[in-house]
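Student:
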Amino acid sequence: MLITVAILAILVGVVAPSINTILVKNRVTGDINTLSAIAQQARFSAINEQFNVILCPTTSYSACVSDWANAKMVFIDENSNGSRDSSEPLIASSDPLNSGNTISGISGAISFSEQGSISNSATITICPKSKDASYASALLLSLYGRISVAIDSDDDGINEDLSGTALTCP
Numbered sequence: 475m476l477i478t479v480a481i482l483a484i485l486v487g488v489v490a491p492s493i494n495t496i497l498v499k500n501r502v503t504g505d506i507n508t509l510s511a512i513a514q515q516a517r518f519s520a521i522n523e524q525f526n527v528i529l530c531p532t533t534s535y536s537a538c539v540s541d542w543a544n545a546k547m548v549f550i551d552e553n554s555n556g557s558r559d560s561s562e563p564l565i566a567s568s569d570p571l572n573s574g575n576t577i578s579g580i581s582g583a584i585s586f587s588e589q590g591s592i593s594n595s596a597t598i599t600i601c602p603k604s605k606d607a608s609y610a611s612a613l614l615l616s617l618y619g620r621i622s623v624a625i626d627s628d629d630d631g632i633n634e635d636l637s638g639t640a641l642t643c644p
């Protein structure tokens with residue numbers, strides 16, 4: 475019985491940190507995938523509908539806010555005023571960021587033009603609450619509207635942004 479308890483204690487000591495690593499990576503990956511999907515939906519809708527389409531964080535699905543940890547919404551900005559009017563259709567929405575993660579790099583809305591482009595390139599970084607950059611990931615948006623997820627191109631264990639700079643967790 476004592477040997478069984480000792481073996482179990484060793485297994486828990488070895489396996490528990492690995493499980494935590496998997497959970498942290500999965501939370502970040504899940505949020506990046508959700509953000510990527512809704513951004514791609516916004517770009518596709520702008521091109522398809524030939525209107526400006528807004529992707530922004532929201533608390534009410536009727537107005538944009540600045541904090542990207544909130545839920546996100548995509549809507550056609552028919553009058554190009556940058557805000558959602560009651561007559562403008564909601565195209566897509568997503569849940570708030572996982573509470574175990576933080577988000578940085580952008581404030582306010584992203585507007586996709588009829589050609590699918592945006593006015594400023596953006597890097598939206600998602601980090602675990604621990605701020606360990608080795609778990610960080612980012613959604614990269616180019617001026618042309620190309621949407622990609624950051625990768626570790628130099629094999630240092632940390633993903634890079636559009637300019638090749640390692641992601642950081644502020």
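Letter 97 of the sequence shown, counting from 1, is numbered 571 in the working numbering, and no numbers are missing.
Every residue gets a Cβ at the ideal spot worked out from N, C-alpha and C, and that includes glycine.
Rounded to whole angstroms, how far is the Cβ of I584 from the Cβ of L615, which I believe are closer than 8 angstroms?
Tutor: 7 angstroms
Student: Just the Cα atoms here: how many angstroms apart are I550 and S573?
Tutor: 29 angstroms
Student: How far does the beta strand (DSSP E) with P463 in it extend, from its first residue to its last?
Tutor: Past the boundaries of the shown model lies residue 463; the chain is included only from 475 to 644, so the question cannot be answered.
Student: Apply the 10 Å Cβ neighbour rule to Y535 and answer buried if 16 or more other Cβ atoms are within range, or exposed otherwise.
Tutor: exposed
Student: Out of L497, I484 and T478, state which residue places its alpha-carbon closest to the alpha-carbon of Y609.
Tutor: L497
Student: Which class does N572 belong to by DSSP, given the choice of helix, strand or coil?
Tutor: coil
Student: Count the other CB atoms, across all protein chains shown, that sit within 10 Å of the CB of T599; report buried if there are 16 or more and exposed otherwise.
Tutor: By the neighbour-count rule (16 or more Cβ atoms within 10 Å), T599 is buried.
Student: Can you tell me the Cα-Cα spacing of I484 and T495, whole angstroms?
Tutor: 18 angstroms
Student: Can you tell me which of S627, P644 and F586 puts its alpha carbon nearest to the alpha carbon of G638?
Tutor: Distance check between G638 and each of S627, P644 and F586 places S627 closest, using alpha-carbon atoms only.
Student: Taking the alpha carbon of Q589 as the point to measure from, which residue in E523, I512 and I493 has its own alpha carbon closest?
Tutor: E523
Student: Which residues share a DSSP beta bridge with V498?
Tutor: According to DSSP, V498 bridges with nothing at all.
Student: What do you get for K546, buried or exposed, if any count of 16 or more other CB atoms within 10 angstroms of its CB means buried?
Tutor: Answer is buried; the Cβ neighbour count reaches 16.
Student: Closest to L636 by CA distance: which of A624, T642, P644 and D629 is it?
Tutor: A624
Student: With a threshold of 7 angstroms on Cβ separation, who are the neighbours of S581 within its own chain once the five nearest residues in sequence on each side are excluded?
Tutor: S540
Student: Quick check on this structure: which residue in S591, S519 and L509 has the alpha carbon closest to the alpha carbon of P531?
Tutor: L509
Student: Leaving out five residues on either side along the sequence, give the residues of the same chain with a beta carbon under 7 angstroms from the beta carbon of F525.
Tutor: Within the same chain, F525 has close Cβ partners I550, D551, E552 and E588.
Student: Using only alpha-carbon positions, find the residue among Q515, K605 and L476 that is nearest to T642.
Tutor: The option with the nearest alpha carbon to T642 is K605.
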